[in-house]
Amino acid sequence: MEMSERFWQASFEEWKRGYVQDEDDYTCLLCGKRSEKGVIYPVDELLYDAERYMKWHIGEAHGSVFQYLISLDKKLTGLTDHQNSLLKLFYEGKSDSDIQEELSIGSASTIRNHRFGLKEKERQAKVFLVLMELLKDKDQHAPAFVDIPKTAKMVDARYNITEDEKAKIIKKYFPNGSDGELLSFTQQEKHKVVVLREIAKRFEPDHFYNEQEVNEILEPAFHDYVKLRRYLIEYGFLDREPDGSQYWLKG
Numbered sequence: 130m131e132m133s134e135r136f137w138q139a140s141f142e143e144w145k146r147g148y149v150q151d152e153d154d155y156t157c158l159l160c161g162k163r164s165e166k167g168v169i170y171p172v173d174e175l176l177y178d179a180e181r182y183m184k185w186h187i188g189e190a191h192g193s194v195f196q197y198l199i200s201l202d203k204k205l206t207g208l209t210d211h212q213n214s215l216l217k218l219f220y221e222g223k224s225d226s227d228i229q230e231e232l233s234i235g236s237a238s239t240i241r242n243h244r245f246g247l248k249e250k251e252r253q254a255k256v257f258l259v260l261m262e263l264l265k266d267k268d269q270h271a272p273a274f275v276d277i278p279k280t281a282k283m284v285d286a287r288y289n290i291t292e293d294e295k296a297k298i299i300k301k302y303f304p305n306g307s308d309g310e311l312l313s314f315t316q317q318e319k320h321k322v323v324v325l326r327e328i329a330k331r332f333e334p335d336h337f338y339n340e341q342e343v344n345e346i347l348e349p350a351f352h353d354y355v356k357l358r359r360y361l362i363e364y365g366f367l368d369r370e371p372d373g374s375q376y377w378l379k380g
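One rule links them: number in the working numbering = place in the sequence shown (from 1) + 129.
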């Protein structure tokens, strides 16, 4: 199961803590890092069991689950820029007067109104989630959509892809299977998302590559591996250091 799929299928409680528990290990929902049960992990002269190490990892690598989620594309969070800023300040424990000064808001009552608006949004979200759960049992004609990568830099219509469409696109561009050579690099946005997603599977999570290693992975897939590398970064599947010294698969 891809990490994006694992992320979207996780329960509310799993989202809150940032990891899922399997029979043999714990997996970070934010980046895919795993800690194996029964293994002791040394951290700054301390010894952590697998679960405690995963909690440490989330704080060390992501700051917190809140910080990770609040940084997602606004199409995924449903938050306006202003709501995003307010939630960050609320999470930091700022007082209404501090927030009023920092955001140049007219009065403390204005902030209270914003708090009320966010609570209303929370109630609406809960109702909507229940409605969608109830709908699953009744809507027999709903297509299965491909999960949107949580690392997508801009969420728009290009991610409106059904599982059937995905299968046809893969067959069209990878006639010898998705591990084989790419027939051509498409300019159609939906097709490009599917193709890049398949190419990204050739990289290991929680592993750093230099540019030569990235090229060696991409060159068998397509002759213009530089273009592939550029688009993998542009579409949020890979990330890199500003100087290009290291590349890694985004979670």
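Ideal Cβ placement from N, Cα and C applies to all residues, glycine included.
Span of the beta strand (DSSP E) holding residue i?
| i | result |
| --- | --- |
| glutamate 152 | Unbroken run through glutamate 152: none, as it is neither H nor E. |
| leucine 383 | The chain is shown from 130 up to 380; residue 383 falls before or after that span and cannot be answered. |
| leucine 232 | Taken as a continuous stretch (DSSP letters only), leucine 232 belongs to no beta strand (DSSP E), as it is neither H nor E. |
Are residue i and residue j closer than 9 angstroms when you measure CB to CB?
| i | j | result |
| --- | --- | --- |
| lysine 330 | arginine 287 | no |
| isoleucine 187 | leucine 176 | no |
| leucine 247 | glutamine 196 | no |
| valine 324 | isoleucine 290 | no |
| aspartate 227 | leucine 216 | no |
| glutamine 150 | glutamate 189 | no |
| tyrosine 220 | isoleucine 240 | no |
| isoleucine 346 | phenylalanine 332 | yes |
| phenylalanine 303 | leucine 357 | no |
| lysine 203 | aspartate 210 | yes |
| glutamate 318 | isoleucine 299 | no |
| glycine 207 | lysine 250 | yes |
Under the DSSP definition of a beta bridge, which residues are partnered with residue i?
| i | result |
| --- | --- |
| tryptophan 377 | Phe337, Asp368 |
| glutamate 165 | Asp154 |
| proline 171 | Leu176 |
What whole-angstrom Cβ distance do residue i and residue j have, given they're in contact under 8 angstroms?
| i | j | result |
| --- | --- | --- |
| aspartate 368 | isoleucine 362 | 7 angstroms |
| serine 164 | aspartate 154 | 6 angstroms |
| leucine 311 | phenylalanine 351 | 4 angstroms |
| aspartate 335 | glycine 192 | The Cβ separation is near 17 angstroms, so there is no contact. |
| valine 194 | tyrosine 182 | Not confirmed; about 16 angstroms, so no contact. |
| glycine 159 | glycine 147 | Per the sequence shown, residue 159 should be read as leucine rather than glycine. Yes, leucine 159 and glycine 147 are in contact; Cβ-Cβ is about 6 angstroms, under 8 angstroms. |
So the alpha helix (DSSP H) residue i belongs to, where does it begin and stop?
| i | result |
| --- | --- |
| lysine 145 | 141 to 146 |
| lysine 356 | 354 to 363 |
| arginine 331 | Arginine 331 -> no alpha helix (DSSP H), and no H or E assigned at all. |
| threonine 206 | 203 to 206 |
| phenylalanine 314 | That residue, phenylalanine 314, is in no alpha helix (DSSP H); it is neither H nor E in DSSP. |
| lysine 223 | Neither: lysine 223 is in no alpha helix (DSSP H) and is coded neither H nor E. |
Tell me whether the stretch 249 to 262 and the stretch 233 to 240 touch, counting them as touching only if at least three CB pairs, one residue from each stretch, are closer than 8 angstroms.
no
Between the stretch 331 to 346 and the stretch 369 to 376, do three or more beta carbon pairs fall short of 8 angstroms?
yes
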